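Comments concern the structure below.
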């Protein structure tokens, strides 16, 4: 949790709001890849890419 608070303070202090969507998209892609590897639905998710 400390990392998230440090990240939030960095974004707020440096006015780097454009980084927020980039971070969210990367996190969503990471979650999708983890889900794809650990389930039977993985073969269907790979067809999206």
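In the working numbering, the protein residues as written are -15 to 33. Each residue gets a CB set at the ideal place from its N, CA and C atoms; glycine is no exception. Computed from a prediction, not measured in an experiment: that's the story for all the values here.
Residue 13 is positioned such that its CB atom lies no closer than 8 Å to that of residue 3. Residue 0 has its alpha-carbon roughly 15 Å from the corresponding atom of residue -11. Rounded to whole angstroms, the separation of the alpha carbons of residue 24 and residue 10 is 23 Å.
DSSP, reduced to helix, strand and coil, places residue -11 within a helical segment of the structure shown.
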